[in-house]
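These notes are about the structure you will find just below.
Protein chains: 2
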Amino acid sequence: MIVGIIGLGLIGGSMAIDLKRRGYADKILGVESEPVNAAAALKMELADEIVSLRDCVERSDLVVIAIPVGSAVKMLPEILDIISEEGNGRKIVIDTCSTKSQIVRVVHYHPMRGRFVATHPMAGTEYSGPWAAMPNLFDGRACIFANSEESDPQALKTVEDLYNVLNMRPIYMNADNHDVHTAYVSHISHVTSFALALTVLDKEQDEKHIFDLASGGFSSTVRLAKSSSDMWVPILTQNRDNVLRVIDTYLEKMNEFRDAIAGYDEERIEKLIAEANRIKKIIR
Amino acid sequence: MIVGIIGLGLIGGSMAIDLKRRGYADKILGVESEPVNAAAALKMELADEIVSLRDCVERSDLVVIAIPVGSAVKMLPEILDIISEEGNGRKIVIDTCSTKSQIVRVVHYHPMRGRFVATHPMAGTEYSGPWAAMPNLFDGRACIFANSEESDPQALKTVEDLYNVLNMRPIYMNADNHDVHTAYVSHISHVTSFALALTVLDKEQDEKHIFDLASGGFSSTVRLAKSSSDMWVPILTQNRDNVLRVIDTYLEKMNEFRDAIAGYDEERIEKLIAEANRIKKIIR
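Top line first, the protein sequences correspond to chains A and B. Residue numbers in the first sequence follow my numbering, run continuously in steps of one, and reach 276 at the last position. Residue numbers in the second sequence follow my numbering, run continuously in steps of one, and reach 276 at the last position.
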């Protein structure tokens, strides 16, 4: 199978590594608009060739869109248009984006909709670019299939096989539900990390102090603040309504803490912490 | 040297392990008020004996107070009183608490103040109890010495040696400054984690969804929400004013994000994320 990967960054590059060495892909064709990233991806052997978008779609059996969701939403209809052309009708295209409602909506009435499988492999790190790609990134994690009933069964089966090779657990979900849930368990924690980094950088002018005093706890809480704006600006705007609802609940909780601390209300603080501790049972 | 450790939890227990196996302590005497923890600490060989507070002080050369700061503030004067008694004048006592202003204030005029060295080894995990103790916990981390000029030089030197055995980097700081800086780089990230856990638990009623969808990012951001209220209630109330100031700055930053997302202001979101990304240069 020839696999085309558009965007050889953390997700696309890591897929390339495991799909190739685990035998799912015989050949990887990469599309990469940044010349430096393209050169690096070749040198790191993430792709066998760097090609144009049209070449990639025409020569691949399966195309992975692994670019920020704003650009993916624009590119997907173009790719389905190429798949409409004679002789291309068995090709499959998938995306890996972190928000799903808009991308399934934009091709809902496309005649080749069945050839598209909307997925969200829930794995990653705070780093980006081909140099962030790594083997085994997806092993054991969950992969969401959004609105999978809108995909052709053969296309869906091929993509299920792909994620099986990546050792991911498939979860099937409506795209709108996906966006609600990810607002809670992923998007909000990026916003809180960004805000934490801004707070510390604003107040703690002496970087040496931050370095000296940062415990492991601070480092892990602020880790996501290293995430790139290329990826996160479109996620936060595309999932605006859900993210705002979560931020508002979050601000309520922060204010409850603030008031309890301000009033030296030890009993109330203890109760809030005990409630928060319930997360122990869920997240190991 | 006989080392007494009051509180054989994460910090006290981990110190016991490394001080013993690295040859600083010939014997460890433990004080542990919870019977289950005392039995576990003995079984795990964190201490050679469990003794009473008075026995511990009288038989040890150096006493480590490793209990929540609220209790430590009450216990320290009692220990210095015992050290005042005839024949005890060369004994040393240290604390390991996360806030320093109040504990140095409470013994400022004590006649045996010089025998006390106020320290804050900046290491830990989100777990507590003797079962959380582990070797090498302190290696390579920073240890704050607060108001070290108020300690006798010989006592200070002995404690510097102790932290050198634990492979910690000493940093000398005024207690009030310590409490300002730790509010920024430690206390706030606990509050934001607690609030994040409360938000998700509040909104995401289906725990299976949280488990399925939680990416590594969410897990690391919410990790500190597992921390115990025994430890954090007194920290947050003792350091109330500093913590409130940081929370208020943090709420401003969260609201900036909220407004930018609400207004679909991509340029503003991008600018905020780019600013937050500066943390990359400081925290690896």
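We put the CB at the ideal spot given by N, CA and C, even for glycine.
>> In whole angstroms, give me the CA-to-CA distance for Val315 (chain A) and Val172 (chain A).
In response: The structure shown does not extend to residue 315 (chain A), since chain A is modelled only from -7 through 276, so no value can be given for it.
>> For Lys272 (chain B), would you say it is in contact with chain A, using Cβ-to-Cβ distances shorter than 9 Å as the test?
In response: Start at 1 with the first residue of the second sequence, and residue 272 (chain B) comes out as number 280. Chain A, which has a Cβ nearer than 9 Å to the Cβ of Lys272 (chain B), makes this yes.
>> Along the stretch 241 to 274 of chain A, where does the CB come closer than 7 Å to a CB of chain B? Name the residues.
In response: Thr241, Tyr242, Leu243, Lys245, Met246, Phe249, Arg250, Ile253, Ala254, Tyr256, Glu258, Ile261, Glu262, Leu264, Ile265, Ala266, Glu267, Ala268, Asn269, Arg270, Ile271, Lys272, Ile274
> How would you list, in chain order, the residues of chain B whose beta-carbon sits under 9 Å from the beta-carbon of Leu158 (chain A)?
Replying inline: Along the first sequence, one-based indexing puts residue 158 (chain A) at 166. Simply none; closest approach about 15 Å.
> For Gly255 (chain A), which of B:Val235, B:Glu267, B:Gly255 has the nearest alpha-carbon?
Replying inline: Along the first sequence, read from residue 1 onward, the residue named residue 255 (chain A) stands at position 263. It is B:Val235 whose Cα lies nearest to the Cα of Gly255 (chain A).
>> Suppose you measure from the CA of Arg13 (chain B) to the CA of Pro122 (chain B); what does that come to, to the nearest Å?
In response: Sequence index remark: in the second sequence, residue 13 (chain B) carries index 21 (1-based). Sequence index remark: in the second sequence, residue 122 (chain B) carries index 130 (1-based). If you take the alpha carbons of Arg13 (chain B) and Pro122 (chain B), they lie about 17 Å apart.
>> Using beta carbons (cut-off 9 Å, strictly below), is Val214 (chain B) in contact with chain A?
In response: Along the second sequence, one-based indexing puts residue 214 (chain B) at 222. Interface residue, yes.
> Measuring CA to CA, which of B:Val65, B:Glu70, B:Ser76 is closest to Ser90 (chain B)?
Replying inline: Translated into the one-based positions of the second sequence, residue 90 (chain B) becomes position 98. When only C-alpha atoms are compared, the closest one is B:Val65.
>> With a threshold of 6 Å on Cβ separation, who are the neighbours of Ala115 (chain A) within its own chain once the five nearest residues in sequence on each side are excluded?
In response: Indexing the first sequence from 1 puts residue 115 (chain A) at position 123. Only Leu129, Phe130, Arg133 meet the Cβ criterion.
> Closest by CA to Glu144 (chain A), which one among A:Asp204, A:Pro226, A:Arg82, A:Pro60?
Replying inline: Residue mapping note: residue 144 (chain A) aligns to position 152 of the first sequence, counting from 1. According to the sequence as given, residue 144 (chain A) is Asp; it is not Glu. For Asp144 (chain A), the nearest C-alpha among the options comes from A:Arg82.
> Taking Cβ positions, are Gly4 (chain A) and Ile59 (chain A) nearer each other than 9 Å?
Replying inline: If you number the first sequence from 1, residue 4 (chain A) lands on position 12. If you number the first sequence from 1, residue 59 (chain A) lands on position 67. It is a contact, given that the beta carbons lie within the stated cut-off.
> When the distance is taken between beta carbons, is Leu188 (chain B) closer than 9 Å to Ile180 (chain A)?
Replying inline: Within the first sequence, the letter at position 188 stands for residue 180 (chain A). Within the second sequence, the letter at position 196 stands for residue 188 (chain B). Yes. Within cutoff.
>> To test your reading of the DSSP string, which unbroken beta strand (DSSP E) runs of 3 or more residues are found completely within the stretch 96 to 123 of chain B?
In response: 108 to 113
> Nearest-angstrom Cα distance between His(-6) (chain A) and Ser140 (chain A)?
Replying inline: Along the first sequence, read from residue 1 onward, the residue named residue -6 (chain A) stands at position 2. Along the first sequence, read from residue 1 onward, the residue named residue 140 (chain A) stands at position 148. Reading off the sequence, residue -6 (chain A) comes out as Ile, not His. Rounded to the nearest angstrom, the two C-alpha atoms are 23 Å apart.
>> Using CA atoms only, rank isn't needed, just tell me which of B:His170, B:Leu228, B:Ala217, B:Val56 is closest to Ala206 (chain A).
In response: Position 214 of the first sequence, counted from the start, is the residue given in the question as residue 206 (chain A). The shortest Cα separation from Ala206 (chain A) among B:His170, B:Leu228, B:Ala217, B:Val56 belongs to B:His170.
> Looking at Val214 (chain B) and Ile9 (chain A), is the spacing between their C-beta atoms short of 9 Å?
Replying inline: Indexing the first sequence from 1 puts residue 9 (chain A) at position 17. Indexing the second sequence from 1 puts residue 214 (chain B) at position 222. No. Outside cutoff.
>> Here's a check: name, in chain order, each residue in its chain whose Cβ is nearer than 7 Å to the Cβ of Ile253 (chain A), leaving out the five neighbours to either side.
In response: Within the first sequence, residue 253 (chain A) is the residue found at index 261, counting from 1. Closer than 7 Å at the Cβ level, and outside the excluded window around Ile253 (chain A), lie Ile261.
> At a CB-CB cut-off below 7 Å, which residues of chain A make contact with Trp224 (chain B)?
Replying inline: Here residue 224 (chain B) refers to the residue found at position 232 when the second sequence is read from its first residue. The contacting residues are Ile265.
> How would you list, in chain order, the residues of chain A whose beta-carbon sits under 9 Å from the beta-carbon of Thr150 (chain B)?
Replying inline: Walking along the second sequence from the start, residue 150 (chain B) turns up at place 158. Within 9 Å Cβ-Cβ: nothing; Thr150 (chain B) doesn't reach chain A, min ~23 Å.
>> Between Val61 (chain B) and Ile75 (chain B), how many whole angstroms is the CB-CB distance? I'm expecting something under 8 Å.
In response: Mapped onto the second sequence, residue 61 (chain B) falls at position 69. Mapped onto the second sequence, residue 75 (chain B) falls at position 83. With a Cβ gap of about 20 Å, Val61 (chain B) and Ile75 (chain B) do not count as contacting.
>> Whole angstroms are fine: how far does the CA of Ser211 (chain B) sit from the CA of His333 (chain A)?
In response: A query on residue 333 (chain A) cannot be resolved here, the shown segment of chain A reaching from -7 to 276 and no further.
> Which of helix, strand or coil does DSSP assign to Val49 (chain A)?
Replying inline: For this step, residue 49 (chain A) is matched to residue 57 along the first sequence. In the structure shown, Val49 (chain A) sits in a helix (DSSP, three-state: H, G or I).
> Is the Cβ of Glu199 (chain A) closer than 9 Å to any Cβ of chain B?
Replying inline: Numbered from 1 along the first sequence, position 207 holds the residue referred to as residue 199 (chain A). It does; some Cβ of chain B falls within 9 Å.
> Of all Cβ atoms in chain A, is any one closer than 9 Å to the Cβ of Ala187 (chain B)?
Replying inline: The sequence position of residue 187 (chain B) within the second sequence is 195, counting from 1. Closer than 9 Å to some Cβ of chain A, the Cβ of Ala187 (chain B) qualifies, so yes.
>> Does the contact criterion of 3 or more C-beta pairs under 8 Å hold for the stretch 46 to 60 of chain B versus the stretch 14 to 33 of chain B?
In response: yes
> By DSSP, does Met165 (chain A) sit in helix, in strand, or in coil?
Replying inline: Position 173 of the first sequence, counted from the first residue, corresponds to residue 165 (chain A). Of the three classes helix, strand and coil, the one that applies to Met165 (chain A) here is strand, per DSSP.
> Helix or strand or just coil, what does DSSP make of Val264 (chain A)?
Replying inline: The residue you call residue 264 (chain A) lines up with position 272 of the first sequence. The question names Val, but residue 264 (chain A) in the sequence shown is Leu. Residue state, collapsed to three classes: helix.
>> If the criterion is Cβ atoms closer than 9 Å, does the pair Met246 (chain A) and Tyr242 (chain B) meet it?
In response: Position 254 of the first sequence holds residue 246 (chain A). Position 250 of the second sequence holds residue 242 (chain B). Closer than 9 Å, so yes.
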